[in-house]
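Those protein sequence lines, which keep their order, are chains A and B. Numbering-wise, this note's numbering puts 56 at position 56 of the first sequence, and it's gapless, one number per residue. Going from the second sequence to this note's numbering is simple: count from 1 and add 1000. Each residue gets a CB set at the ideal place from its N, CA and C atoms; glycine is no exception. Here the structure is a predicted model, which is why all the values come from computation and not from measurement.
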Amino acid sequence: DAGVIQSPRHEVTEMGQEVTLRCKPISGHDYLFWYRQTMMRGLELLIYFNNNVPIDDSGMPEDRFSAKMPNASFSTLKIQPSEPRDSAVYFCASRMTANTGELFFGEGSRLTVL
Amino acid sequence: LAKTTQPISMDSYEGQEVNITCSHNNIATNDYITWYQQFPSQGPRFIIQGYKTKVTNEVASLFIPADRKSSTLSLPRVSLSDTAVYYCLVGPIYNQGGKLIFGQGTELSVKP
């Protein structure tokens, strides 16, 4: 398996622009997580899905952030409008309920908002 | 959710054994303890998981006392490539929920 695939790997944008981050989980995994990592706040859980349904979005910073999972093989995290404080590395991870619960992370999307 | 507390940083030298302890005083009956390793510019990677007593795999050992309020990750004979951030997570696995929260982690620096 190719692992969790995220795109883009790097994005530089200007304040006010819309940003869309994409994630393809490992086939067969039924949980998908979006995390954000910064030096100041560490690794924060933003939202997670189970069987494509959002279960807990309490970590989403504000209404500018939204996440969708239209099918089992694709998820997006959208920021609109983006702000400089959104600059971070965004990780997507997936896991399969039936195994040890191990999280498999993608390589991350590094976002810089100018 | 069980809160975890780890040392922020640790230093070691090549060839030494490193033990990183994590406190989780309010661990629940259904919770497992999982450790992840993160290198710069990469996502965290699973190292080891346990429920009680001792677990060992090819890279580490995990010691969990009977009260389960703490756990210790043991890395035998570390090398420079073990320099990374190590996270302790506590939470249910299998069919019992998915909210997995990372603490601040322990930054391990291995020196020659």
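Helix, strand or coil at residue i according to DSSP, with G and I counted as helix
i: residue 109 of chain A; result: strand
i: residue 85 of chain A; result: helix
i: residue 1075 of chain B; result: strand
i: residue 1070 of chain B; result: strand
i: residue 103 of chain A; result: coil
i: residue 63 of chain A; result: coil
i: residue 1011 of chain B; result: strand
i: residue 1082 of chain B; result: helix
i: residue 1111 of chain B; result: strand
i: residue 1031 of chain B; result: strand
i: residue 1056 of chain B; result: strand
i: residue 56 of chain A; result: strand
i: residue 27 of chain A; result: coil
Interface partners of residue i on chain A, CB under 7 angstroms
i: residue 1075 of chain B; result: Near residue 1075 of chain B there are no residues of chain A at all, since even the closest Cβ is about 19 angstroms away, more than 7 angstroms.
i: residue 1027 of chain B; result: Those do not exist, as residue 1027 of chain B stays about 15 angstroms from chain A at its closest Cβ, beyond 7 angstroms.
i: residue 1006 of chain B; result: Within 7 angstroms Cβ-Cβ: nothing; residue 1006 of chain B doesn't reach chain A, min ~11 angstroms.
Neighbour list for residue i in chain B, Cβ cutoff strictly below 7 angstroms
i: residue 28 of chain A; result: Here the premise fails: no neighbours, minimum Cβ distance about 15 angstroms.
i: residue 100 of chain A; result: 1049 and 1093
i: residue 65 of chain A; result: Neighbours of residue 65 of chain A on chain B: none; closest Cβ ~17 angstroms, over 7 angstroms.
Candidates the options: closest to residue i by CA position
i: residue 40 of chain A; options: B:1111, B:1110, B:1105 and B:1112; result: B:1105
i: residue 1089 of chain B; options: B:1100, B:1080, B:1083 and B:1081; result: B:1100
i: residue 1010 of chain B; options: B:1082, B:1058 and B:1050; result: B:1082
i: residue 14 of chain A; options: A:74, A:64, A:63 and A:81; result: A:81
i: residue 4 of chain A; options: A:63, A:64, A:20 and A:24; result: A:24
i: residue 50 of chain A; options: A:37, A:74, A:62 and A:61; result: A:74
i: residue 100 of chain A; options: A:22, A:20, A:16 and A:31; result: A:31
i: residue 1031 of chain B; options: B:1043, B:1004, B:1109 and B:1074; result: B:1004
i: residue 18 of chain A; options: A:34, A:38, A:76 and A:6; result: A:76
i: residue 1110 of chain B; options: B:1042, B:1015 and B:1054; result: B:1015
Close Cβ partners of residue i (< 7 angstroms) along its chain, the five nearest in sequence each way excluded
i: residue 52 of chain A; result: 69, 71 and 72
i: residue 59 of chain A; result: 44, 45, 46 and 47
i: residue 29 of chain A; result: 94, 95 and 96
i: residue 64 of chain A; result: 79, 80 and 81
i: residue 38 of chain A; result: 88
6 angstroms CB neighbourhood of residue i in its chain, flanking five on each side removed
i: residue 1072 of chain B; result: 1019, 1021 and 1063
i: residue 115 of chain A; result: Chain A is shown from 1 up to 114; residue 115 of chain A falls before or after that span and cannot be answered.
i: residue 1056 of chain B; result: none
i: residue 1037 of chain B; result: 1045, 1047, 1084 and 1086
i: residue 1007 of chain B; result: 1106
8 angstroms CB neighbourhood of residue i in its chain, flanking five on each side removed
i: residue 54 of chain A; result: 47, 48, 67 and 69
i: residue 1052 of chain B; result: 1064, 1066 and 1068
i: residue 9 of chain A; result: 107, 108, 109 and 110
i: residue 1033 of chain B; result: 1022, 1024, 1027, 1049, 1050, 1051, 1062, 1064, 1068, 1071, 1088, 1089 and 1090
i: residue 1017 of chain B; result: 1074, 1075, 1076, 1077 and 1078
Chain B contact residues for residue i, given Cβ-Cβ distances below 8 angstroms
i: residue 45 of chain A; result: 1099, 1100, 1101 and 1102
i: residue 142 of chain A; result: Not covered by the structure: residue 142 of chain A. The range shown for chain A is 1 to 114.
Under 9 angstroms from the C-beta of residue i: neighbouring residues of chain B
i: residue 16 of chain A; result: Within 9 angstroms Cβ-Cβ: nothing; residue 16 of chain A doesn't reach chain B, min ~27 angstroms.
Contacts of residue i in chain A (Cβ-Cβ under 9 angstroms)
i: residue 1105 of chain B; result: 42 and 43
Under 9 angstroms (Cβ pairs) to chain A, residues found in the region 1029 to 1044 of chain B: 1032, 1034, 1036, 1038, 1041, 1042, 1043 and 1044
At a CB distance below 9 angstroms, what residues from the region 1044 to 1076 of chain B approach chain A? Give them in sequence order. 1044, 1045, 1046 and 1049
Cβ-based contacts, 8 angstroms cut-off: residues of the region 48 to 63 of chain A near chain B: 48, 50, 55 and 56
Between the region 80 to 114 of chain A and chain B, which residues of the former have CB atoms less than 9 angstroms from a CB of the latter, in chain order? 89, 91, 92, 93, 95, 97, 98, 99, 100, 101, 102, 103, 104, 105, 106, 107, 108 and 110
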